[in-house]
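Colleague:
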Amino acid sequence: MASLQTPQPQDESATQPPPMPRLTPTRLPTTAAVSIAARVVNHSSLPTAFVMPSRCQSPRATATAALAPVVRRHQGARHGAMSAPARPETVHRAPDPITVLGEPPSTGTRTLAQLFAPHAGAMGRGFALLLVTNACALAVPRLVNVGVNLIEGRAVQPFLGITPSVARVVGAIAVLAALGAVVRTLSRIVLFNAGRDVERGLRRDAFAHLATLSPGYFARASVGDLMSRITNDLTNIRLLTGFAMLNTLNAAIVVVVTVPVCLLLDWRVALWSLLPFPLVIVAALLVSRTMFRRTKELQEATGALSSVVQESLAGQMVVRAFSQESAVERRFGGVNDRVYDAAMRLARVRLLMGPLMGLMGSFAIAMALAQGGVVVVQGRMSVGDVVELNARLLQLTWPMIALGFVVSVWQRGKASLARVNEVLAVRPDVIDGAVRRPAGALRGDVALHNLCVDVERADGGARRVVDDMSATIPAGAFVGVVGRNGAGKSMVLKAIARQLPVARGQVQIDAVDAVDWHLAALRQAPGGIAVVPEDGFLFSASLRDNLAFGATAVTDADVEAVVDLVDLRRDVARFPDGLATLVGERGVTLSGGQRQRVALGRALLARPAVLLLDDCLSAVDVETESNILAALQRGFVGAGGIVVRPTIVMVSHRLSALRTADEILGLADGRVVERGTHDALMRAGGLYATLWGEVQRRAALAKRLQAEGAQV
49 MASLQTPQPQ
59 DESATQPPPM
69 PRLTPTRLPT
79 TAAVSIAARV
89 VNHSSLPTAF
99 VMPSRCQSPR
109 ATATAALAPV
119 VRRHQGARHG
129 AMSAPARPET
139 VHRAPDPITV
149 LGEPPSTGTR
159 TLAQLFAPHA
169 GAMGRGFALL
179 LVTNACALAV
189 PRLVNVGVNL
199 IEGRAVQPFL
209 GITPSVARVV
219 GAIAVLAALG
229 AVVRTLSRIV
239 LFNAGRDVER
249 GLRRDAFAHL
259 ATLSPGYFAR
269 ASVGDLMSRI
279 TNDLTNIRLL
289 TGFAMLNTLN
299 AAIVVVVTVP
309 VCLLLDWRVA
319 LWSLLPFPLV
329 IVAALLVSRT
339 MFRRTKELQE
349 ATGALSSVVQ
359 ESLAGQMVVR
369 AFSQESAVER
379 RFGGVNDRVY
389 DAAMRLARVR
399 LLMGPLMGLM
409 GSFAIAMALA
419 QGGVVVVQGR
429 MSVGDVVELN
439 ARLLQLTWPM
449 IALGFVVSVW
459 QRGKASLARV
469 NEVLAVRPDV
479 IDGAVRRPAG
489 ALRGDVALHN
499 LCVDVERADG
509 GARRVVDDMS
519 ATIPAGAFVG
529 VVGRNGAGKS
539 MVLKAIARQL
549 PVARGQVQID
559 AVDAVDWHLA
569 ALRQAPGGIA
579 VVPEDGFLFS
589 ASLRDNLAFG
599 ATAVTDADVE
609 AVVDLVDLRR
619 DVARFPDGLA
629 TLVGERGVTL
639 SGGQRQRVAL
649 GRALLARPAV
659 LLLDDCLSAV
669 DVETESNILA
679 ALQRGFVGAG
689 GIVVRPTIVM
699 VSHRLSALRT
709 ADEILGLADG
719 RVVERGTHDA
729 LMRAGGLYAT
739 LWGEVQRRAA
749 LAKRLQAEGA
759 QV
């Protein structure tokens, strides 16, 4: 519990942490800005046809589940065990972000055939049910024909040995209608569920793919647009694979069965009546290209709207601080108008389809009545035959009307699939290696050999930010990295953590090239690499949940120990609900120093073998920072009573934090220009000494100004 004291040496190889029970995981909610942005875009009044409710997880629930880390047990050979708590403890665990959503995700872009292939069985069952449905529906006109002939007193041949009567005909129609309704419902369930399964699987794969992309991609991409692609676009794909597929199959069955029957009744009348239908198909083909283009424009505009909403809500404090509400509203209004214009252009094209299809169907019925009257007078057809022909033309009319909606949904789905494929086609900058960590923690040896790191410029070119850097950092060492802004300090930490690709040279972890390491093996808690950035991100959850995020099996005692280690005890005591206090959006209810200490505590609970600190204590007072770093150098008691002595690489502009470092690297323009201890670098009078002098002068100036202010 007293985590700041230096533990006694122990036989580390013989000690193992006690097994922890598995309890229900704590799930963290997503940020409010993202949630509200999704609601604004998803519920905007855009022209949408036949939007069905989804049975899969909502984007909010999906993102919530995916916040949790992969849970595996790793026990460190470098880690000794302290006494475990005697009383039962609450264990905080988190689910695997992928297995929580079903089977492992697949990668790469998708074609329509690939989307349908896993659901071929469901499609086949749906097609069979549609055959039964249409068999029931297409038998009704023949029964109507028989009924009309019976009413007229015409002789009707027995069917299967049964003499027809009006009552029997009416009963048969009722039975077929009821059976058709039941089977039609089943066909919709089967085919619509297949569409929902496609949506669920593709959303899972898209989200899992996004999780593999480097931070650089998200620095270039719009979060709001990505949200639109993983929500709105996937809904359109579901409609394509469900609604559009059902109506396409249904129309094909009706046409294949109805047209020959009409020709058998009287081929001349049937040809005149069916004349408009080829024109419908030609019109649909002509309109489809325009509809695809207009749909793509609408989806792009919707993505831009989502991006503006998310960014505006996330930056509300800055907007209000500079009184820019009107400017933000104008920006939103411009993008909103763009969405409206794109939606109206698409709606005008879609509106042509429905009336056109209905007009063609009405024209076909009119032709059948006109020609049918003539042939009835001539005696070539009975009244019942004409009634049957008109009934079958009516059955053909709905598929033609639905064709307008199908073309719209089909083009929207294709446009959305193209947008989703744009994301799936992005290849990760950092590729997984094959080397997996053996049982236990990393040793913590880090070596840089002629390391070069490039970042992408705005014009698409590359800019070198780390150039030919070499360093050897033994396990358990404390190394500081200093330099002016833009010297490449943070990029060195990102290269060690494999958050960005290496242009040339090599980063070795435990004498293994970092590119050969499996990423999860490097980052998996306990005993992996932990990174604490300056602006440590906090979830809109409790303090306890934020601290426990990323650790495998964390007890209440472990959380309490880390609270003491990062000097949060007095702060927690002032919070109304203690560790259960919600920290708000990105930890907005906390001060900068509190947020940084919570982020550091989160990393320490993961018991890292290598701890990368990127100016993560800049908002903490000097005394607290010194106490924390001293405890880290001595070794501290981590989660599960494990003694942790991580290798520490720390970037800091507060040079006093690095006085006790084993070695300090001075960077200028991405190159190491000097190295040594604090005393050695001060004697050398180079970059470090210059920076130290600047810091001391600023501190003296601030102290003098404070004294003068007090006198006034």
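Take the sequence shown: its letters are residues 49 to 760, numbered as in the numbering used here. Every residue gets a Cβ at the ideal spot worked out from N, C-alpha and C, and that includes glycine. Here the structure is a predicted model, which means the values were calculated and not measured.
Return the chain-ordered list of same chain residues with a C-beta closer than 7 angstroms to the C-beta of Leu595, the five sequence neighbours on each side being excluded.
Modeller: Hits under 7 angstroms: Val607, Val610, Val646, Gly649, Arg650 and Leu653.
Colleague: Assuming Ile577 contacts Val658 under a Cβ cut-off of 8 angstroms, what Cβ separation, rounded to an integer in Å, is found between them?
Modeller: With a Cβ gap of about 4 angstroms, Ile577 and Val658 count as contacting.
Colleague: Over the uninterrupted alpha helix (DSSP H) stretch that includes Glu608, give me the two end residues.
Modeller: Run containing Glu608: Asp604 to Leu613, per the alpha helix (DSSP H) assignment.
Colleague: For Val82, collect the residues of the same chain with a Cβ closer than 7 angstroms to its Cβ; drop the 5 residues on either side in sequence, then sort them by chain order.
Modeller: Its pLDDT being 47, under 50, Val82 is placed unreliably by the model, and nothing is read from it.
Colleague: DSSP on Ile557, reduced to helix/strand/coil?
Modeller: Three-state result, Ile557: strand.
Colleague: Pairs of beta-carbons, one from the stretch 509 to 519 and one from the stretch 710 to 722, closer than 8 angstroms: are there three or more?
Modeller: Taking 8 angstroms as the limit for Cβ pairs, the verdict is that the stretch 710 to 722 does touch the stretch 509 to 519.
Colleague: Do the stretch 550 to 568 and the stretch 461 to 480 touch if we need at least three Cβ pairs shorter than 8 angstroms?
Modeller: Verdict: yes, contact present.
Colleague: Once the 5 residues before and after Val302 are set aside, which same chain residues still bring their CB inside 7 angstroms of it?
Modeller: Excluding sequence neighbours, Val302 sits near Asn182, Gln443, Leu444 and Pro447.
Colleague: In the DSSP assignment, the beta strand (DSSP E) including Asn533 goes from what residue to what residue?
Modeller: Element bounds for Asn533: n/a, residue is neither H nor E.
Colleague: Under the rule that 16 or more other beta-carbon atoms within 10 Å means buried, what is Gly714, buried or exposed?
Modeller: By the neighbour-count rule (16 or more Cβ atoms within 10 Å), Gly714 is buried.
Colleague: Have a look at the DSSP bridge pairing and note the partners of Gly714.
Modeller: Answer is Val530 and Glu722, bridged to Gly714.
Colleague: Do Leu490 and Asp558 come within 8 angstroms of each other at the CB atom, strictly closer than that value?
Modeller: Yes, the pair counts as a contact, with Cβ atoms nearer than the cut-off.
Colleague: Could you compute how far the alpha carbon of Ala428 sits from the alpha carbon of Ala414?
Modeller: One detail in the question is off: residue 428 reads as Arg in this sequence, not Ala. Going from the Cα of Arg428 to the Cα of Ala414 covers about 19 angstroms.
Colleague: Could you check the C-alpha separation between Ala551 and Phe266 for me, to the nearest Å?
Modeller: Roughly 20 angstroms between the two C-alpha positions.
Colleague: Please name the residue or residues paired with His701 in a DSSP beta bridge.
Modeller: Answer is none; His701 lacks a bridge partner.
Colleague: Could you check what DSSP says for Leu417 in three-state terms: helix, strand or coil?
Modeller: Leu417: helix per DSSP, three-state reduction.
Colleague: Is Ile479 helix, strand or coil when you go by DSSP?
Modeller: DSSP places Ile479 in coil when its eight states are reduced to three.
Colleague: Straight-line CA distance for Gly174 to Ser235?
Modeller: Computed Cα separation, rounded: 5 angstroms.
Colleague: Measuring CB to CB, does Thr338 end up less than 8 angstroms from Val387?
Modeller: Taking 8 angstroms as the Cβ cut-off, Thr338 and Val387 do not qualify as a contacting pair.
Colleague: Whose C-beta lies closer than 7 angstroms to the C-beta of Gly524 among residues of the same chain, with five residues either side of it excluded?
Modeller: Same-chain partners within the cutoff: Gly492, Arg693 and Thr695.
Colleague: Taking the alpha helix (DSSP H) that Cys664 belongs to, which residues open and close that run?
Modeller: Here Cys664 belongs to no alpha helix (DSSP H), and DSSP marks it neither H nor E.
Colleague: What is the residue span of the beta strand (DSSP E) that Leu496 lies within?
Modeller: Counting along the chain, the beta strand (DSSP E) containing Leu496 begins and ends at Val494 to Glu504.
Colleague: Using alpha carbons as the reference points, say which of Val304, Pro486, Cys184 and Ile237 lies closest to Ala569.
Modeller: Looking at the Cα atoms, Pro486 is the closest of the given residues.
Colleague: Short of 6 angstroms in beta carbon distance, which residues of its chain neighbour Leu297, apart from the five on each side in sequence? Order them along the chain.
Modeller: So the list reads Phe175 and Leu178, once near-sequence residues are dropped.
Colleague: Determine the DSSP secondary structure at Pro67, reduced to helix, strand or coil.
Modeller: Only weak support is given to the placement of Pro67: the predicted model assigns it a pLDDT of 37, under 50, and the value that follows is read from those uncertain coordinates. Reduced to three states, the DSSP call for Pro67 is coil.
Colleague: List the DSSP bridge partners of Ser590.
Modeller: Ser590 pairs with Leu630.
Colleague: Using 8 angstroms for Cβ pairs, my map puts Leu763 next to Val631. What's the rounded Cβ distance?
Modeller: Residue 763 is absent from the structure shown; the chain starts at 49 and stops at 760.
Colleague: Alpha carbons only, please: which of His701, Gly534, Gly351 and Leu567 is nearest the one belonging to Arg511?
Modeller: Among His701, Gly534, Gly351 and Leu567, the Cα nearest to that of Arg511 belongs to Gly534.
Colleague: Only counting the same chain, and skipping five residues up and downstream in sequence, which positions put a Cβ closer than 6 angstroms to that of Ser270?
Modeller: So the qualifying residues of the chain are Ser355.
Colleague: Please determine, among Lys537, Phe240, Gln554 and Val620, the residue with the shortest C-alpha to C-alpha distance to Pro581.
Modeller: The shortest C-alpha separation from Pro581 is found at Lys537.
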